[in-house]
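K.L.:
Take a look at this one; I'll ask things after.
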Amino acid sequence: MTVDETQKAETVVCERELNKAIEEAVEDNKGEDSRAEERNVECPVPESVEKSSSYREESSFFSDLKESERKALTELKSRIEDAILENNLFNEGKKGNEKSSEKEENSDAKEAGQQQAEAENFEEDSCLWGVPLLPSKGSKGTDVILLKFLRARDFKVNEAFQMLKKTLQWRKKNKLDSIMEEDFGTDLSSAAHLNGKDRAGHPVCYNMFGLFGNKELYQNTFGTEEKHDQFLRWRFQLMEKGIKELDFKPDGVTSILQINDLKNCPGPSKKELRNATFKAIALLQDNYPELVAKNVFVNVPFWYYAFYSLVSPFLTQRSKSKFVVARPAKVTETLLKYISLGEIPTQYGGFKHENDFKFSDQDDGILELEVKAGSALAIQLPAQEVESTLIWDITILGWEVDYKEEFIPMNEGSYAVIISKETNMASDKGPIRNSFTNNEPGKVVLTISNSSSKKKRVFYRYTSQKNNSSS
């Protein structure tokens with residue numbers, strides 16, 4: 001049985017076991033979860049938003065490795081060098097050395113020249129994501145790539161070597177190096193896309209599984225075996241797009257942050273989606289090792305926990321350690337640990353608007369304040385220049401506060417203007433963007449009344465734009 005056939009057989013067995021377990025469990029795991037007086041009003045001086053503790057990639061500098069890890073890397077590089085020079089990295093090696101020797105002795109100069117050309121082409125093909133795997137080439141990225149395979153296999157050299165060989169064979173068989181040229185249409189373009197960077201510079205990929213709740217899209221994606229395979233290839237193409245934004249150097253960003261939105265996701269009862277997800281997880285884990293910094297699941301429904309417990313045995317411990325789960329009420333708070341608010345899209349509670357030119361920098365001027373339990377907070381935004389438009393963004397983690405906006409003129413004889421009357425904001429309220437054009441100097445005051453027993457984190461930013469006077 002070939003390597004490919006063995007992989008396929010193992011996958012089919014695991015998939016059958018998973019499907020059986022899920023079908024038995026899914027019926028048992030259904031379900032979905034579903035004013036104070038102003039006092040002690042404060043006008044504190046805000047500070048810049050403090051970055052939450054993030055995460056680091058493991059070092060790829062040889063000097064930072066443990067002695068055992070250095071030894072494993074050196075041994076793997078030696079094996080790969082031999083395999084490439086002997087032209088057997090894509091196969092199980094040469095058999096029948098005596099027969100091969102006789103043929104080599106009897107080969108003419110033309111055949112020898114052809115073999116040399118093939119060897120040169122093989123050496124050129126022995127690259128992964130643009131990084132040469134031949135250690136003697138001296139590429140800074142070679143160690144980075146090889147360490148990913150070693151870490152995926154706990155620095156067991158033979159297992160890492162076999163994993164690399166299988167990945168190269170899989171890529172060659174499925175023509176992954178030319179997948180960027182394929183067109184999968186527009187149906188799936190809104191289901192996942194790359195959007196910005198996180199605090200550490202990782203490209204961020206958003207996956208919206210809820211779109212598959214649309215029956216037409218679901219049928220167009222999983223209706224036939226051919227469409228199912230196209231879905232997998234589209235997913236691999238998206239991964240390759242993210243990889244193109246990486247920098248395979250010891251001090252570079254070498255992995256992607258995945259955000260998986262399960263809001264309105266059909267769930268494990270949909271067999272086609274379930275099978276496609278399982279296959280994608282298996283193939284991505286086996287052929288894209290250590291290329292995901294974190295897998296963050298947001299808007300997680302109850303059925304996810306049952307599904308994960310069943311999928312978990314088929315995941316490596318390293319893969320499982322990168323999973324982060326956030327229920328709907330904790331989405332923004334969770335994403336803030338990894339992504340700055342200016343880079344989080346508005347649908348997840350951030351300030352990032354599509355094609356937004358109101359603010360020069362997505363993170364420019366974002367400030368954070370705290371509203372204590374049972375108190376109120378007044379944020380003052382200066383509006384001194386007449387005929388200017390003040391624009392602001394504001395969000396409160398968890399909301400459940402009373403909120404209002406008003407313009408207070410500097411002239412005591414003028415009347416205050418209510419921009420937005422006091423409203424009790426629900427916990428699922430998204431960020432607010434508003435604006436006000438003043439006819440006289442003054443200030444815009446944003447008042448937050450927190451009658452809950454918990455303190456609230458407030459984020460806001462503002463900018464002023466001078467209106468063009470008409471001639």
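Counting in UniProt numbering, the sequence shown runs without a single skipped number right up to 471 at its last residue. All C-beta atoms, glycine included, are put in the ideal place defined by N, C-alpha and C. Computed from a predicted structure; not experimentally measured.
Just tell me which of LYS140, THR167 and ILE408 has its CA closest to the CA of ALA152.
P.N.:
Ranking the options by Cα distance to ALA152, first place goes to THR167.
K.L.:
Would you decide whether GLY242 is buried or exposed? Buried here means 16 or more other CB atoms lie within 10 Å of its CB.
P.N.:
Answer is buried; the Cβ neighbour count reaches 16.
K.L.:
Could you tell me how far apart the beta carbons of HIS228 and GLU272 are, in whole angstroms, since I believe they sit closer than 8 angstroms?
P.N.:
The pair is a contact, with the Cβ atoms about 7 angstroms apart (cut-off 8 angstroms).
K.L.:
Alpha carbon to alpha carbon, how far is PHE248 from THR142? Give it in angstroms, no decimals.
P.N.:
Roughly 8 angstroms between the two C-alpha positions.
K.L.:
I want to know whether the region 445-456 touches the region 371-379 - three or more CB-CB distances under 8 angstroms.
P.N.:
A contact exists between the region 445-456 and the region 371-379.
K.L.:
Would ALA160 and LEU176 qualify as a contact pair, given that the criterion is a beta-carbon distance under 8 angstroms?
P.N.:
No.
K.L.:
Cutting at 6 angstroms between CB atoms, please list the residues of its own chain near ARG461, excluding the five before and the five after it.
P.N.:
Excluding sequence neighbours, ARG461 sits near GLY365, ILE366 and ASP393.
K.L.:
Taking just the CA atoms, how far does ILE432 sit from LEU390?
P.N.:
Spanning the two alpha carbons is a distance of roughly 14 angstroms.
K.L.:
Which whole-angstrom value describes the C-beta separation of residue 474 and GLN285, a residue pair presumed to lie in contact below a C-beta threshold of 8 angstroms?
P.N.:
No answer is possible for residue 474: the residues shown for the chain start at 1 and end at 471.
K.L.:
DSSP puts LEU369 in a beta bridge; with which residues?
P.N.:
The partner list for LEU369 (beta bridge, DSSP) reads VAL458.
K.L.:
State the DSSP-derived secondary structure class of ALA83, mapped to helix, strand or coil.
P.N.:
Three-state DSSP puts ALA83 in a helix.
K.L.:
Is ILE418 buried or exposed, if buried means 16 or more other CB atoms sit within 10 Å of its CB?
P.N.:
Answer is exposed; the Cβ neighbour count stays below 16.
K.L.:
In the DSSP assignment, find the alpha helix (DSSP H) that holds LYS337 and state where it starts and stops.
P.N.:
Per DSSP, LYS337 belongs to no alpha helix (DSSP H) and is neither H nor E.
K.L.:
Under a three-way DSSP split, which group does ASN424 fall into?
P.N.:
Residue state, collapsed to three classes: strand.
K.L.:
I need the DSSP call for GLN384, collapsed to helix, strand or coil.
P.N.:
Of the three classes helix, strand and coil, the one that applies to GLN384 here is coil, per DSSP.
K.L.:
Cβ atoms of LYS77 and PRO135: under 8 angstroms apart, would you say?
P.N.:
Going by C-beta atoms, PRO135 is nearer than 8 angstroms to LYS77.
K.L.:
Rounded to a whole number of angstroms, what is the C-alpha to C-alpha distance between GLU102 and ASN87?
P.N.:
Because the pLDDT of GLU102 is 47, which lies under 50, any placement of that residue in the model is unreliable, and the question is left without a value.
K.L.:
With which residues is ASN264 paired in a DSSP beta bridge?
P.N.:
For ASN264, which the question treats as bridged, DSSP gives no partner whatsoever.
K.L.:
Pull up the CB-CB distance for GLU385 and ASN411, whole angstroms please, since I reckon it's below 8 angstroms.
P.N.:
The pair is not a contact, with the Cβ atoms about 15 angstroms apart (cut-off 8 angstroms).
K.L.:
Under 6 angstroms Cβ to Cβ from LEU188, same chain only, skipping five residues before and after it: list those, please.
P.N.:
Closer than 6 angstroms at the Cβ level, and outside the excluded window around LEU188, lie TRP234.
K.L.:
Can the beta-carbon of HIS193 be found closer than 8 angstroms to that of ALA293?
P.N.:
It is not a contact, given that the beta carbons lie outside the stated cut-off.
K.L.:
Leaving out five residues on either side along the sequence, give the residues of the same chain with a beta carbon under 6 angstroms from the beta carbon of GLU245.
P.N.:
Here the set comprises PRO203.
K.L.:
Helix, strand or coil: which one does DSSP assign to GLU405?
P.N.:
Correct three-state label for GLU405: strand.
K.L.:
Going straight from the alpha carbon of PHE236 to that of ASP356, what length do you get?
P.N.:
Their backbone Cα atoms lie some 30 angstroms apart in a straight line.
K.L.:
Is GLU75 near the ligand GDP, with its Cβ less than 7 angstroms from a heavy atom?
P.N.:
Questions concerning the ligand GDP fall outside what the structure shown contains, since it holds no ligand whatsoever.
K.L.:
Do you know how far the Cα of GLY349 is from the Cα of THR332?
P.N.:
Roughly 5 angstroms between the two C-alpha positions.
K.L.:
What is the DSSP secondary structure of LYS358, reduced to helix, strand or coil?
P.N.:
Three-state result, LYS358: coil.
K.L.:
Since LEU73 and LEU146 should fall inside the 8 angstroms C-beta cutoff, what is the C-beta to C-beta distance between them, to a whole number of angstroms?
P.N.:
Yes, they are in contact, since the Cβ atoms of LEU73 and LEU146 sit about 6 angstroms apart, within 8 angstroms.
K.L.:
From ASP261, ARG79, PHE459 and LYS197, pick the residue whose C-alpha is nearest to that of VAL157; which is it?
P.N.:
The option with the nearest alpha carbon to VAL157 is ARG79.
K.L.:
If you measure between the beta carbons of LEU133 and ILE179, is that distance less than 8 angstroms?
P.N.:
Taking 8 angstroms as the Cβ cut-off, LEU133 and ILE179 do not qualify as a contacting pair.
K.L.:
Look at the alpha carbon of THR346 and the alpha carbon of LYS352, and state the distance between them as a whole number of angstroms.
P.N.:
About 6 angstroms.
K.L.:
Give every residue of the same chain whose Cβ lies closer than 7 angstroms to the Cβ of ASN299, excluding the five residues on either side of it in the sequence, and list them in chain order.
P.N.:
ASP261, LEU262, LYS263, PRO328 and VAL331.
K.L.:
Using CA atoms only, rank isn't needed, just tell me which of ASP251, GLU422 and GLY398 is closest to LYS429.
P.N.:
Measuring from the Cα of LYS429, the nearest candidate turns out to be GLY398.
K.L.:
Return helix, strand or coil for TYR305, following the three-state DSSP convention.
P.N.:
Three-state result, TYR305: helix.
K.L.:
Under DSSP, the beta strand (DSSP E) around THR254 begins and ends at which residues?
P.N.:
It is not in any beta strand (DSSP E) - THR254 carries neither H nor E in the DSSP assignment.
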